[in-house]
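Engineer:
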Amino acid sequence: MSDHHDVLVIGAGFAGLYQLHRLRTAGFDVRVIEAGDDVGGTWYWNRYPGARCDIESVEYSYSFDPELEQEWDWSERYAAQPEILDYARHVAERYDLRRDIEFDRRVESAVWDEGSRRWTATTDDGRRRTARFVIAATGCLSRPSRPDLPGVEAFAGEVYWTSSWPHEQVDLTGERVAVVGTGSSGLQTITAIAPDVASLVVFQRTPSYAVPAHNGPNERLAEVRPTYREFREVSRLQPTGFQCEGGTDLLTETDPGEVERRLGLRWDRGGLCFTSEFPDILVDAAANAVVAEYVRRHIRETVTDPGVAELLSPRTYPIASKRMCVDTGYFEVYNQDNVSLVDLNAQPIKRITERGIVAGDREHEVDVIVFATGFDAMTGALNAMEIRGAETTLRTKWRDGPRTYLGLMSHGFPNLFTVTGPQSPSVLSNMMTSIEYHVDWITAALEHMRAEGLTRVEPEQDAEDDWVAATNDIADGTLMPQAASWYMGANIPGKRRVFLPFIGGVGVYRQIGDGVAVAYYHGFEMV
Ligand code: NA7
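The opening residue of the sequence shown carries number 6 in our numbering; numbering runs sequentially from there.
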């Protein structure tokens, strides 16, 4: 097996799989390095109870092959993790991808050599591989954040992390369980295990806004299938990369009764499109407050204990400025006698003991602790590697926040691409739509370079500076920076707070990306 390739792809999640397929079909010699022992990325690691995608399955799937689209059946409106992982495996089989993937290998460093115009990547087994291009398909939420809680090693029971859940069956029936974290993973875990555990204590730092999923059989698939091509075209141009039928009336200029009616329709339909009814929700605090209160009212109507309902009600940040959750009976769980809630703002975790968690003055004795504490988002997986470009490392360059052109490349790091990198729509969109766009864009760029006999591509400093400024300016015009969110890097101690994704919308972003490519890769220096 040769250690020299045209392209090295890091990661065999949905981005890496599709990138391998596209480049190999285009005649490139590609090698994929994957840390897990199988494909699937996020859906390989996050196999906790209740793990489910909160984008509808008709949208959260590849669109590149009409046959694949027609032959795969999604059973539910929102696909559960096992089904999505099966899909990733099916794709790997169907396109014979595994033969070019090395599993159980983690890329530790990648070093650029100007003389040969190649990258040398070293994996955790000490092996070196060189490649003309490196494509980081490392995911936006793949580097777990594991808070440093004193005493965790002393705990006599089992400790699990939602972000790296064991592959073997974990049976929590009859156990006393603590869950730390109330983002999407925490909410899904809590809802799934509550019926079976002996007791459940939830440790909450910040309550989440959650809208109902109304999950069920996937009736929409039969509707969409006959015209799937057109359906995808529409999705690609939406701000979020999936179809929400965003309204155009400003909430602040709409009669309150009508606002209530329209929010009610969205609430009854379920899902993340809830906040798309009024375009001012994300830019006008007054509009946002109305929608936030709508959600809090539902929490109060669901949770019988008013004190608990209040603790579960988000009040410290605008709705949708942190990642919204989509729930299936989450708030109802708190009406169970065996479920209790600890507000970490009033009773911070002091330490973990042999028996459980000490928060405030009370020790909560449990058999199992589940941490659902999130990720070092967007830059975590990239900065975990020692990526040494023409002059410095990526970590050093990004010390004050990521700097990219289009979220695709960073000046000083020639021939290194990032799929759904920071300052691209990525986590603010249907990841599938954004992954496919980036992979197609990168593949076209590499084909263009090959055709023209070009071997080195790097974004110009000015183009990058302008893009960074534009992404920050757009975000600053919204309410998003007001939240201490992982979009801002605020969940990671010491991480510089800057808004990480591009919030201008997928449709707009595609037009920019297409325009750049058509204009002979304007802003990229190709030699
Ligand atoms: P999230 O959304 O980052 O949620 C992590 C949760 O863990 C959140 O409630 C955090 O509170 C909490 N957390 C983090 N660190 C601590 C410490 N040290 N102590 C107590 N609580 C803590 O990650 P998820 O895995 O749930 O979801 C990630 C994405 O996956 C999701 O957005 C979807 O895109 C799918 P905080 O809010 O930071 O105060």
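Ideal Cβ placement from N, Cα and C applies to all residues, glycine included. From a predicted model like this one, the values you see are computed outputs, not experimental measurements.
Can you tell me which residues form a DSSP beta bridge with F376?
Structural biologist: Per DSSP, W166, V185.
Engineer: Less than 7 Å between C-beta atoms, sequence neighbours within five positions excluded: which residues of the same chain meet that for V112?
Structural biologist: Result list for V112: I15, I38, A126, T128, M390, in chain order.
Engineer: May I ask whether a heavy atom of the ligand NA7 can be found less than 7 Å away from the beta carbon of S431?
Structural biologist: No, the Cβ of S431 stays beyond 7 Å of every heavy atom of the ligand NA7.
Engineer: By Cβ distance below 6 Å, which residues in the same chain neighbour V363 in space, the five residues on each side in sequence not counted?
Structural biologist: Once the five neighbours on either side are set aside, the close Cβ partners of V363 are K355, R356.
Engineer: Using only alpha-carbon positions, find the residue among E452, L484, G412 that is nearest to L505.
Structural biologist: The candidate whose alpha carbon is nearest that of L505 is G412.
Engineer: Answer yes or no: the CB of I354 versus the heavy atoms of the ligand NA7, is any distance below 7 Å?
Structural biologist: Correct: I354 has its Cβ closer than 7 Å to the ligand NA7.
Engineer: Are the CB atoms of P464 and M414 nearer to each other than 8 Å?
Structural biologist: Closer than 8 Å, so yes.
Engineer: Do three or more CB pairs link the segment 394-413 to the segment 227-234 at distances below 8 Å?
Structural biologist: As far as the Cβ criterion goes, the segment 394-413 does not touch the segment 227-234, which means the pair count is below three.
Engineer: Would you check whether the ligand NA7 has a heavy atom nearer than 7 Å to the C-beta of S190?
Structural biologist: Checking every heavy atom of the ligand NA7 against the Cβ of S190, one is found closer than 7 Å.
Engineer: Helix, strand or coil for S204? Go by DSSP, reduced to three states.
Structural biologist: Correct three-state label for S204: strand.
Engineer: Given 7 Å as the limit, tell me if W48 has its C-beta closer than that to any heavy atom belonging to the ligand NA7.
Structural biologist: Outside the cutoff, so no.
Engineer: Exposed or buried, what is P87 when buried is set at 16 or more other beta-carbons lying within 10 Å of its beta-carbon?
Structural biologist: Exposed.
Engineer: Does R301 pass the burial test, meaning 16 or more other C-beta atoms within 10 Å, or should it be called exposed?
Structural biologist: So R301 counts as buried.
Engineer: Flag this pair as yes or no: are the beta carbons of L484 and P323 separated by less than 8 Å?
Structural biologist: Taking 8 Å as the Cβ cut-off, L484 and P323 qualify as a contacting pair.
Engineer: So does G509 have its beta carbon nearer than 7 Å to some heavy atom of the ligand NA7?
Structural biologist: No - the ligand NA7 has no heavy atom lying nearer than 7 Å to the Cβ of G509.
Engineer: Tell whether a beta-carbon distance below 8 Å holds between A183 and G361.
Structural biologist: Contact flag set, yes.
Engineer: Report the CB separation of Q24 from I198 in whole angstroms; it is logged as a contact under 8 Å.
Structural biologist: Not really, about 36 Å apart at Cβ, beyond 8 Å.
Engineer: Whole angstroms are fine: how far does the CA of G120 sit from the CA of E61?
Structural biologist: In a straight line, the C-alpha of E61 is about 48 Å away from that of G120.
Engineer: Tell whether a beta-carbon distance below 8 Å holds between R225 and V63.
Structural biologist: Yes, they are a contact pair.
Engineer: Can you tell me the Cβ-Cβ gap for V185 and F160, rounded? I've got them flagged as a contact below 8 Å.
Structural biologist: With a Cβ gap of about 12 Å, V185 and F160 do not count as contacting.
Engineer: Of all the options I508, G512, S490, D470, which has the alpha carbon lying nearest to the alpha carbon of G528?
Structural biologist: Checking every option, the nearest Cα to that of G528 belongs to D470.
Engineer: Assuming A215 and V331 make a contact with CB atoms under 8 Å, what is their CB distance in whole Å?
Structural biologist: Confirmed, Cβ separation roughly 7 Å.
Engineer: Classify E282 as buried or exposed, calling it buried when 16 or more other Cβ atoms lie within 10 Å of its own Cβ.
Structural biologist: E282 comes out buried.
Engineer: When the Cα atoms are used, what is the spatial distance from V288 to W403?
Structural biologist: In a straight line, the C-alpha of V288 is about 28 Å away from that of W403.
Engineer: What whole-angstrom Cβ distance do Y165 and V373 have, given they're in contact under 8 Å?
Structural biologist: Sure, about 7 Å apart at Cβ, within 8 Å.
Engineer: Let's see if you can read the secondary structure: which residues bound the alpha helix (DSSP H) around M543?
Structural biologist: For the chain, the structure presents residues 6 to 532; residue 543 sits outside this window and is missing.
Engineer: Mark D381 as exposed unless 16 or more other C-beta atoms lie within 10 angstroms of its C-beta, in which case mark it buried.
Structural biologist: So D381 ends up on the buried side.
Engineer: Does the beta-carbon distance from L277 to P212 come in below 8 Å?
Structural biologist: No. Outside cutoff.
Engineer: What alpha helix (DSSP H) runs, 4 residues minimum, are completely inside the segment 200-257?
Structural biologist: Listed in chain order, they are 224-229, 233-241.
Engineer: Between T398 and the ligand NA7, is there a pair consisting of the residue's CB and a ligand heavy atom that are separated by less than 7 Å?
Structural biologist: Result no, Cβ not under 7 Å from the ligand NA7.
Engineer: To the nearest whole angstrom, what separates the beta carbons of A20 and V424, a pair I think is in contact under 8 Å?
Structural biologist: That pair is a contact at about 4 Å.
Engineer: For R515, which residues from the same chain have a beta carbon less than 8 Å from its beta carbon, with the 5 sequence-adjacent residues on both sides left out?
Structural biologist: Result list for R515: R241, L242, Y442, in chain order.
Engineer: Compute the distance between the beta-carbons of S318 and A488, then report whether it is under 8 Å.
Structural biologist: For S318 and A488, no; Cβs fall outside 8 Å.
Engineer: If T358 and N220 are in contact, beta carbons under 8 Å, what's the gap, nearest whole angstrom?
Structural biologist: T358 to N220, Cβ: 38 Å. No contact.
Engineer: Classify A40 as buried or exposed, calling it buried when 16 or more other Cβ atoms lie within 10 Å of its own Cβ.
Structural biologist: It counts as buried.
Engineer: Might you give, ordered along the chain, the residues of its own chain that have their beta carbon closer than 8 Å to the beta carbon of L4, omitting 5 neighbours on each side?
Structural biologist: Because the chain spans 6 through 532 in this model, residue 4 falls outside it and cannot be assessed.
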